[in-house]
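The opening position of the sequence shown corresponds to residue 263 in my numbering, with each subsequent residue numbered one higher.
Encoded as structure tokens, the structure appears first; notes follow it.
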Amino acid sequence: MKDFENSLDTMLEKAFLTISSGVDDAKSYFHTPTVCTFEGQDISARTVVLRDFNEQERVLRFHTDQRSPKISQIKENNNATVHAYDQEEKIQIRLKGSIEVHHQDSVTEKAWENTREMSKECYSVKDSPSKKIDNPVEFDIDKNQIDREMGYENFAVNLFTFQSLEILYLKRAGHRRAIFEWLNNDVKKNWLIP
């Protein structure tokens, strides 16, 4: 998309295209964005894999292990920020919103059905993520001992809905920065000084 940077509408369109590219293109910088959540008074950042993006609803989907400490952290405070920077396009996108955790419901069933077998194996590890261990080899994936049903029991879906999108485009002639804020179905669009 050329010459998108001088219109708020095309800036938003470019942001949505950039996010969408992350779903299927493993080389897209938005395929593995950073999600920041609260861990008590601290901020915790982690890289996730973008599995789906619903532009109309402004929802991004990520998968996680239900046993992970981040699940209880998100349930305590579900506010989050998603961030990615495409160094080739020179575009940074920051999304602010909230995460809804799904576990053993129709959302997780559908996501599990469409998850690659290799990815399903990761949820069959015998203990919870972040547990301190002595020997990492004990937790290597053994295809002969994979229990996919147990994997599904550990599988969770995080749906991140954003109310704010900020895009920054870096260019020599002058950077462009814009913010889009949704309230109900209305969107407020503004330029920002970069």
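Glycine included, C-beta positions come from ideal geometry on N, C-alpha and C.
Just so you know, these numbers come straight off a predicted model, no measurement behind them.
Where does Ser392 land, buried or exposed, given buried means 16+ other C-beta within 10 angstroms?
If you number the sequence shown from 1, residue 392 lands on position 130. Exposed, because fewer than 16 other Cβ atoms sit within 10 Å of the Cβ of Ser392.
Please state whether the Cβ-Cβ distance between Phe422 and Val344 is less than 9 Å.
Your numbering for residue 422 matches position 160 in the sequence shown. Your numbering for residue 344 matches position 82 in the sequence shown. Contact: yes.
Suppose you measure from the CA of Pro398 to the CA of Val387; what does that come to, to the nearest Å?
Along the sequence shown, read from residue 1 onward, the residue named residue 398 stands at position 136. Along the sequence shown, read from residue 1 onward, the residue named residue 387 stands at position 125. Spanning the two alpha carbons is a distance of roughly 11 Å.
Classify Thr309 as helix, strand or coil using the three-state DSSP reduction.
On the sequence shown, residue 309 is found 47 positions in, with the first residue counted as 1. It is a strand residue.
Leu270 and Ala440 look like a contact to me (Cβ under 8 Å); what is the Cβ gap, rounded to whole Å?
The residue you call residue 270 lines up with position 8 of the sequence shown. The residue you call residue 440 lines up with position 178 of the sequence shown. 6 Å between Cβ atoms; contact.
Report back the beta-carbon spacing between Ala418 and Thr370 to the nearest angstrom; my notes put them in contact at under 8 Å.
Stepping through the sequence shown from its first residue, residue 418 is reached at position 156. Stepping through the sequence shown from its first residue, residue 370 is reached at position 108. About 7 Å; that satisfies the 8 Å criterion.
When burial is assigned at 16 or more other CB atoms within 10 Å of the CB, is Thr299 buried or exposed?
For the purposes of this step, residue 299 is taken as the residue at position 37 of the sequence shown. So Thr299 counts as buried.
I think Gln335 touches Ser306, with their Cβ atoms under 8 Å apart; what is that distance to the nearest whole Å?
Here residue 335 refers to the residue found at position 73 when the sequence shown is read from its first residue. Here residue 306 refers to the residue found at position 44 when the sequence shown is read from its first residue. Indeed they touch by this definition, with Cβ atoms about 7 Å apart.
If we call anything under 9 Å between Cβ atoms a contact, is Leu357 one with Glu443?
Residue 357 sits at position 95 when you count from the first residue of the sequence shown. Residue 443 sits at position 181 when you count from the first residue of the sequence shown. Against a cut-off of 9 Å, the Cβ pair of Glu443 and Leu357 comes out as no contact.
What are the start and end residues of the beta strand (DSSP E) that includes Ile333?
Working through the sequence shown from its first residue, we reach residue 333 at position 71. No beta strand (DSSP E) holds Ile333; the alpha helix (DSSP H) holding it covers 331-338.
If Tyr385 sits next to Gly413, beta carbons under 8 Å apart, how far is it from one beta carbon to the other, in whole angstroms?
Along the sequence shown, read from residue 1 onward, the residue named residue 385 stands at position 123. Along the sequence shown, read from residue 1 onward, the residue named residue 413 stands at position 151. Going by Cβ atoms, the distance from Tyr385 to Gly413 rounds to 4 Å, so yes, they are a contact pair.
Helix, strand or coil, according to DSSP, for Arg410 in the structure here?
As a working note, residue 410 is residue 148 in the sequence shown. It is helical.
Quick one: what does DSSP say Tyr385 is sitting in, helix, strand or coil?
For the purposes of this step, residue 385 is taken as the residue at position 123 of the sequence shown. Here Tyr385 sits in coil by DSSP.
Provide the residue span of the beta strand (DSSP E) that contains Glu342, from first to last.
Here residue 342 is taken as the residue at index 80 of the sequence shown, counted from 1. It is Ala, not Glu, that sits at residue 342 in the sequence shown. From DSSP, the beta strand (DSSP E) with Ala342 extends over 341-348.
Assign Glu267 to buried or exposed, taking buried as 16 or more other Cβ atoms, counted over all protein chains shown, within 10 Å of its Cβ.
Start at 1 with the first residue of the sequence shown, and residue 267 comes out as number 5. By the 10 Å Cβ count, Glu267 comes out buried.
Between Ile333 and Val297, how many whole angstroms is the CB-CB distance? I'm expecting something under 8 Å.
Reading the sequence shown from its first residue, position 71 is the one you call residue 333. Reading the sequence shown from its first residue, position 35 is the one you call residue 297. Contact doesn't hold; Cβ gap of about 13 Å is too wide.
Between Tyr347 and Asp304, what straight-line distance do the alpha-carbon atoms span, to the nearest angstrom?
As a working note, residue 347 is residue 85 in the sequence shown. As a working note, residue 304 is residue 42 in the sequence shown. C-alpha separation (whole angstroms): 23 Å.
Taking Glu301 as part of the alpha helix (DSSP H), name the residues at either end of that continuous run.
By one-based count along the sequence shown, residue 301 stands at place 39. Counting along the chain, Glu301 falls outside any alpha helix (DSSP H), though it belongs to the beta strand (DSSP E) covering 296-301.
In its own chain, which residues sit with a C-beta less than 7 Å from the C-beta of Glu246, not counting the 5 before and 5 after it?
With the chain represented from 263 up to 456, any question about residue 246 goes unanswered, as that position is not in the structure.
Please list the terminal residues of the continuous beta strand (DSSP E) segment that includes Asp327.
Taking the sequence shown and counting its residues from 1, the one referred to as residue 327 is at position 65. Start and end: 321-327.
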